[in-house]
Each structure stands twice: as structure tokens, then as C-alpha cells.
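Written out below as C-alpha cells is the structure these notes cover.
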Amino acid sequence: MVTYIAYLVFRNSTVGLVATTITTVGFVAQTLAFFMRGKEFYDLAQLGSILRAIPLTNLYESLVFFVWCIILGYLLIEWKYKNRSFGAFITPIAGMVLAFIDISGMDKNIHPLIPALQSNWLLAHVTMSFLAYAAFAISFATAVMFLAVSSEDEKSWPYITWTVTLGVFIAVLVAMGIDFLVFKVGAHSTESLVKSHLFKASFRNGAMPVALFSYLALAGFIFAVWKYGKVLKRIIESFEISQDMLDELVYKSIAVGFPVFTLGGLIFGAIWADQAWGKYWSWDPKETWSLITWFVYAFFLHARFLKGWRGNKIAAVSVLGFVSTIFTYLGVNLLLSGLHSYGGG
Numbered sequence: 018m019v020t021y022i023a024y025l026v027f028r029n030s031t032v033g034l035v036a037t038t039i040t041t042v043g044f045v046a047q048t049l050a051f052f053m054r055g056k057e058f059y060d061l062a063q064l065g066s067i068l069r070a071i072p073l074t075n076l077y078e079s080l081v082f083f084v085w086c087i088i089l090g091y092l093l094i095e096w097k098y099k100n101r102s103f104g105a106f107i108t109p110i111a112g113m114v115l116a117f118i119d120i121s122g123m124d125k126n127i128h129p130l131i132p133a134l135q136s137n138w139l140l141a142h143v144t145m146s147f148l149a150y151a152a153f154a155i156s157f158a159t160a161v162m163f164l165a166v167s168s169e170d171e172k173s174w175p176y177i178t179w180t181v182t183l184g185v186f187i188a189v190l191v192a193m194g195i196d197f198l199v200f201k202v203g204a205h206s207t208e209s210l211v212k213s214h215l216f217k218a219s220f221r222n223g224a225m226p227v228a229l230f231s232y233l234a235l236a237g238f239i240f241a242v243w244k245y246g247k248v249l250k251r252i253i254e255s256f257e258i259s260q261d262m263l264d265e266l267v268y269k270s271i272a273v274g275f276p277v278f279t280l281g282g283l284i285f286g287a288i289w290a291d292q293a294w295g296k297y298w299s300w301d302p303k304e305t306w307s308l309i310t311w312f313v314y315a316f317f318l319h320a321r322f323l324k325g326w327r328g329n330k331i332a333a334v335s336v337l338g339f340v341s342t343i344f345t346y347l348g349v350n351l352l353l354s355g356l357h358s359y360g361g362g
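In the working numbering, each number is its position in the sequence shown, counted from 1, plus 17.
Here it is as C-alpha cells:
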């Protein structure tokens with residue numbers, strides 16, 4: 018993440034090569050670690066089927082797999098387009114997820130599967146869901162880049178949209194870093210830690226002056242990005258990234274992610290739910306928000322193909338879709354209760 022940002026700023030080919038090397042080595046290492054954990058889980062659980070031993074049974078494992086999917090998608094983009102500047106926007110999403118894992122002190126141990134997870138549908142439903150989430154994350158990053166290079170007027174809604182989005186993203190990263198320094202503790206469950214520690218050193222601090230300063234700092238980050246956003250626009254354009262290329266990436270990412278999410282996230286999830294709980298749909302918070310996310314991306318494709326939307330409007334829908342995706346993934350698990358709460362530990 019840091020090396021890609023340095024490459025974007027300094028435009029040094031050596032820095033870019035180092036960034037790609039670090040990312041590739043990390044991806045290979047994570048792949049090996051994933052298989053090693055799967056083998057350990059298989060030996061521990063003794064479930065009789067390798068399909069039931071995929072290490073995707075709790076929030077920690079799913080977050081790690083989400084990062085793996087994002088990096089896989091990014092490396093494919095870098096290979097296809099021969100442009101490393103995308104890394105400065107895509108890899109920070111993976112970095113934020115890893116920071117959340119470390120800050121939260123979530124349980125990383127392997128535990129026996131609860132009965133609801135002892136199904137061959139686990140592999141299809143969960144892996145396809147997170148492959149789709151990663152595709153949506155890439156569409157989000159490239160949509161922000163599109164809004165950055167396409168907007169000229171500082172008072173236009175596309176310019177304000179991408180600067181506010183990026184400003185909030187930076188502020189959240191900084192706040193999580195402060196949490197890491199102040200509250201590097203373990204917790205019995207991720208939910209309890211999130212409720213007691215996440216942003217507690219900043220936005221949720223009990224001392225009013227600290228909380229107020231945090232929100233002022235957030236406004237400052239947003240203003241700084243808004244004020245100097247055109248500098249970033251010129252940097253992106255200097256790497257010969259066209260609006261057409263970005264628009265294509267936004268669309269292709271969703272064109273890949275949407276059918277995968279439809280099949281794996283909704284249809285396979287419904288089949289699994291029927292086997293586990295006796296009904297295909299129960300309006301569980303996760304199911305409800307998954308459906309909302311599905312409608313957002315369905316609208317994206319509808320607007321593009323039938324309404325002819327291109328450019329800023331369609332990029333803004335992609336940003337909105339990823340916000341819904343993040344809430345479906347993390348917000349529901351950590352803030353709401355339901356049939357999917359077992360994944361939050």
C-alpha cells in the first residue's frame with residue numbers, strides 16, 4: 018500500500034517494481050498460509066469432506082480471504098493494463114481490512130464448526146460471496162479514480178463526491194491507527210471489542226473535546242482533499258489513465274461481481290439456509306442487506322444498458338454500491354443480531 022502510494026507520488030520505476038514485488042510475494046505467502054490453515058482445520062475438525070474444511074468460518078478468516086481476493090484482482094489488473102498506479106487506490110482497501118484485523122484483536126484460533134456451517138455449500142456460498150465483494154471493491158476504487166479525473170469544477174457534485182469519499186477513507190485509516198496505538202488489546206469477541214474500542218480513541222471518545230477534535234480533523238481531511246484534489250487528478254492523468262479505461266474497469270468489475278454474487282451470495286445462500294434452518298429466506302439482517310446491495314448493482318447494470326448511463330452518474334452508483342456492500346459484510350455482523358451472527362467471533 019505505502020509503496021504504491023510512493024510510486025504514485027514520485028513516479029519512480031524502481032519504487033513501482035518494489036511495490037509489485039512486495040505485493041506478489043505477500044500474495045503467494047498468504048495463499049500458502051491459507052492452504053496450511055485449511056489443512057490444520059481439516060485435521061482438527063475431522064469432517065470427512067475437504068469441502069467442509071475451508072477456513073472461512075468466522076470473521077477473521079473471511080476478512081483474510083477478502084484481502085486475498087482484492088489483491089488477486091489487483092494483480093490481474095496490473096498484469097492486463099501494465100499500470101501500477103491503480104495500486105495506490107486498490108491496495109489501501111486491503112490495508113484497511115488488515116488494520117481492522119490487527120486493531121480488533123479478534124480471535125485467530127481455529128474452532129470446531131457449529132452445525133449450521135457443516136455443509137458442502139460453505140465453499141460455494143462463502144467463496145463466491147467474497148470474490149464478488151472483492152470485485153465490488155475494485156469497482157469502487159476505480160470509480161473514485163474516474164470521478165477524480167473527470168471532474169473539473171470544485172463545486173460540482175462529482176468532485177465533491179470523490180473528495181468526501183477519499184477524505185473519509187483517510188480519516189478512518191488514521192482513526193484506526195490511533196486505536197491500534199491506544200487499544201492494542203485482545204477481546205473475547207469481535208463484537209464486544211468493536212462496541213467498546215473501535216474509534217473510542219477518536220470519534221467515540223468519552224471526553225467531549227477529544228471527540229469534537231476528531232470530527233474537526235475529519236472535516237479537515239475532507240477539506241484538504243477537496244482543496245488539493247486537482248493535484249491528485251493531474252498525477253493520475255500523468256500515468257496515461259484515460260476516463261474510458263476507468264469506466265471500463267468500473268463496469269467490468271461489476272459485470273463479473275454481480276452474477277457471482279447473485280449465484281453464490283443469494284441463490285446458494287438460500288439453498289444453504291433451507292438446509293440449515295428449514296426455509297430459504299427469513300429476512301435476517303444479512304439477507305435483507307444482501308438484497309439491498311443486489312438491487313443497487315442491478316440498478317447499475319440497468320442504468321448502463323437500458324438508460325445509457327456513462328461517466329459520473331454510473332461511477333457514483335458504484336460508490337454507493339460498495340458502501341452498501343461494506344455494511345452488508347461488516348455492519349450487519351458487528352452491529353446487528355441475526356442468523357449470521359455466528360460469523361463475527
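Ideal Cβ placement from N, Cα and C applies to all residues, glycine included.
**Outcome for D291 when other beta-carbon atoms lying within 10 angstroms are tallied against a minimum of 16** = exposed
**Beta-carbon gap between I187 and A154 smaller than 7 Å** = no
**Asked** Can you name the start and end residues of the alpha helix (DSSP H) that R327 belongs to?
**Response** From DSSP, R327 is part of no alpha helix (DSSP H); its letter is neither H nor E.
**Message:** Looking only at its chain, what residues have a beta carbon closer than 8 Å to the beta carbon of Y297, apart from the 5 residues adjacent to it on each side?
**Reply:** A287, I288, A290 and D291
**Item:** Helix, strand or coil at G246 [DSSP, three-state]
**Value:** helix
**Where F12 sits in the DSSP three-state scheme** = What is shown of the chain runs 18 to 362, which leaves residue 12 out entirely.
**Request:** Identify which residue in L235, A151, S231 and L198 has its Cα closest to the Cα of V181.
**Result:** L235
**Message:** By the DSSP assignment, the alpha helix (DSSP H) with Y24 in it spans what residues?
**Reply:** V19 to F27
**Asked** Roughly how many angstroms lie between the CA atoms of D56 and H128, to the nearest whole one?
**Response** The identity of residue 56 in the sequence shown is Lys, whereas the question assumes Asp. Answer to the nearest angstrom: the Cα atoms are 13 Å apart.
**Item:** Run of the alpha helix (DSSP H) containing S102, from where it starts to where it stops
**Value:** Premise fails: S102 is in no alpha helix (DSSP H) and is neither H nor E.
**Message:** Classify A50: buried if its beta carbon has 16 or more other beta carbons within 10 angstroms, exposed otherwise.
**Reply:** exposed
**Distance between R251 and I258 (C-alpha atoms, nearest Å)** = 10 Å
**Request:** Report buried or exposed for L34, applying the criterion of at least 16 other Cβ atoms within 10 angstroms of its Cβ.
**Result:** exposed
**Item:** Selected residue, minimal CA-CA separation from S341, among V191, G223, I309 and T279
**Value:** I309
**Asked** From V191, M145 and F163, pick the residue whose C-alpha is nearest to that of K217; which is it?
**Response** V191
**Message:** Helix, strand or coil, according to DSSP, for T345 in the structure here?
**Reply:** helix
**For G43, three-class secondary structure by DSSP** = helix
**Asked** Between M113, L115, G90 and V114, which lies nearest to F103 when the distance is taken from Cα to Cα?
**Response** G90
**Request:** Pick helix, strand or coil for T178, following the three-state DSSP scheme.
**Result:** helix
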